[in-house]
Structure formats: structure tokens, C-alpha cells
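To start, the structure under review is shown below, and the notes come after it.
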């Protein structure tokens, strides 16, 4: 029993030790007598070495940092004949070793190269063994289009990495062969997204113009809970829940528009750094009510696959478009437009993502979803009397429903 435990722990320890070897710190110190942590951004990694010392040394460092996680996994698999979850933990230990080397007071590099190396290996492995050729082609085309749209919208590779890598991980999740591989994929995505998010914060990236209304951005994603509710209760029950919320918010809107004191209170800071309503919502129906109306009508009018698509467009697409508009929005297509070209490109990228994932989940035909994504984007772009939270789900859903009725 003790030997078995040792054989399981030893490959993880080896992974940590291999990961803790930082050529980005050691090679400049040995060859140039330079502590790379005192140069550039202070990170003992490939990019800082390239900028501060030179390309040739950076290439050597990149080669080891990219492969040391894979070497750790190979040792666990070949030499120790370890089970899949120990192999995965050995690779993850190499990342932790890179980030927290014992001889540098546990302050190492970001671990992005090691993480990406393992991620690419898993992607190639799953692609070769589990994905049909047409699925591979579809995934590459989709991710290529998504990358083009997001780079055109933001010109920011950190934002692209933070959004594209979870997408790649989501695709892998449909094809991985074991829970340990899935857990490793999720951990890798979390690591890369965390590091990318730190870089975005350094660039003064914000999620909302006013931190007091930040929570409203993420509250939009709660519409996706409707899908999960539908797994456990009937459509009629879901309609009752959403309809009750809609009635409640509409009643509050009517009351605050007729009682000035209530309007003042609800537009104030109800909690520290929390504000319920925005200035432009004074004396009018709130965006909460319009949003809930869009969700309610989608549930009422359309079959479930179409509803899922419209809710994805409305919640995830709308959330991303607002974040991109705040940080990168520059070009307005129309004088009266509420959004920018950059936000609309990001919105289209996310809507295409919704269509793609509904397709690989075998919920909605790909070309039906693509039609819906394009129509939703047009509804979001063109100025109209209807709020986007209403026009996007209703118009795109109506078109998808119409096409489905024609072919069935």
C-alpha cells in the first residue's frame, strides 16, 4: 500500500521539480550574470528574455517551458505506469512548479507556455483519436472566424486568449475520453484565463463604466438558467416563473414612475457600491423588465432549440457586446445607433459560438443557428424603436422558427 502511494506521489513530485526549473531565470544568470527579474516586466519567461536579452536565448527557454509539462506526463505514464488522473496531475504539477519554484521563495513565472504546451497536446490527441474529420474542419473554421471577428473588434490578443481558450476547452469537453482529461482541460483554461485577465487589468480593462452597476453585466447570463430549469420542470412552469418575475418588475416600474420618492430611492446607492438603476432609466420602463419580456416571449413563442439559441444571443452575446463597447468601442455605424461596430463584431462572434455549440450538442441544426446569429446581429446593429433586449430574441427567434416550419 505504501509503495503504491509512493509510486503515485513520486511522478507528481517529479512534475513539480521539472516545472520549477526556470531556464528563463537560470540561463541569463549563468550565461550573462543577469537576474532577469530585475529587467523588463520582471517575469522569468520567454517574452521578457526576448525583449531584455535576445531571441536566440528566448527560443531555448520557450522549447523547455512548452514541453516540460508534457515530459512530466510522459514520465508518469511510461516509467510509473500511473493511471490517467496521476498523469494529468503530474502535468498540472509542472505548471505549479513553474509558478511557485521553491528556490525563488515560491515566486516564479506565469506558467502560460507550460500550460499552452499541455493544452495543445491534449487538443491534438483528442483531435486525432476522437473527433471525426468533418467535426475537426468545422471546429477549425469556427475558431478561425471567431478569432478574426474578435481581433477586428478589439485588436487585443489578451482578450482573444481569455475568450478563445475557454471555447477550445468547451469543444474538447465534448470529445475527451475521461474525467481526468476533462478536469485537466478545465484547470488549464482557468490558469490561462486568469493570467490573461491579469494582463487585461494592467491595460486598464474594465467590465462596466460604473462599478456600482457592474453586477448588471453578469446578471444577463442568468437568462441561461431558464435552460437548466427546463430540464427539471415543464415549459408551462418555466413560463410561470419568468412571467411572475416579469409582472413583479413591471409593477415596480409603474410604482416608481408614479411615486417620486420611490424613484429617488431606487436610483440611489441601495448598498455600498451597488446601484439598481441607471440614470437613463428614470421615468421609463427599466432594462430588467424589457430583458425579462424578451426571455418570456422567447419561451412562449418558440420551440426549445430556438429558445436556447435566442437566450444565448440575448444573454452571452449582449454581455460580451457591452464589455467590448466599453473598452474598445470607437466606430458608430449610425448616428442614432446605441452600439459600435466593435461591439457588433464581438456580438456576432458570440452568436456564432452559441450556434456552433448548439450544433455539436445536437440540439439545433448548424445552418439554422447561423441564420439566427446573423439575424440577431442585424437586429442589434440597426437602430429601431424596440430595445435590443426585445428585438434580438424575438426577431432572430421568429426567423429561425419560420425556417424550421418551412423544412419540417
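In this note's numbering, the protein residues as written are 9 to 416.
Virtual Cβ for every residue (Gly too), placed ideally from N, Cα, C.
Annotation: the continuous alpha helix (DSSP H) that includes residue 100 extends over 92 to 107.
Ranked by Cα distance from residue 170, the first of 35, 203 and 144 is 203.
With fewer than 16 neighbouring CB atoms inside 10 Å of its own CB, residue 163 falls in the exposed class. For residue 273, the number of other beta carbons within 10 angstroms of its own is below 16, and it is reported as exposed.
Residue 163: not part of any alpha helix (DSSP H); DSSP gives it neither H nor E. By the neighbour-count criterion, in which 16 or more other beta carbons inside 10 Å mark a residue as buried, residue 361 falls on the buried side. For the pair residue 69 and residue 32, the CB atoms are nearer than the 8 angstroms cut-off. If only complete runs of 4 or more residues are kept, the segment 19 to 47 shows the alpha helix (DSSP H) at 31 to 40, in order along the chain. In the three-state DSSP reduction, residue 286 falls in the coil class, being neither helix nor strand. From the listed residues 331, 91 and 260, the smallest Cα separation to residue 17 is found for 91. The beta-carbon distance between residue 180 and residue 130, rounded to whole angstroms, is 7 angstroms. This is short enough to meet the 8 angstroms contact definition. Distance between residue 101 and residue 30, taken at the CA atoms: about 14 angstroms. Counting the other CB atoms within 10 Å of its CB gives residue 89 a total below 16, which places it among the exposed residues.
Take residue 37, set aside five residues on each side of it, and the residues of its chain with a beta-carbon closer than 8 angstroms to its own are 43 and 44, in chain order. About 4 angstroms separates the Cβ atoms of residue 329 and residue 355, confirming a contact at the 8 angstroms cut-off.
Burial check for residue 19: the Cβ neighbour count within 10 Å reaches 16 or more, so the residue is buried. Across the structure, residue 182 and residue 145 are spaced so that their CA atoms are roughly 15 angstroms apart. Taking 8 angstroms as the cut-off, the Cβ atoms of residue 174 and residue 156 do not count as close. Residue 402 is positioned such that its CB atom lies no closer than 8 angstroms to that of residue 325.
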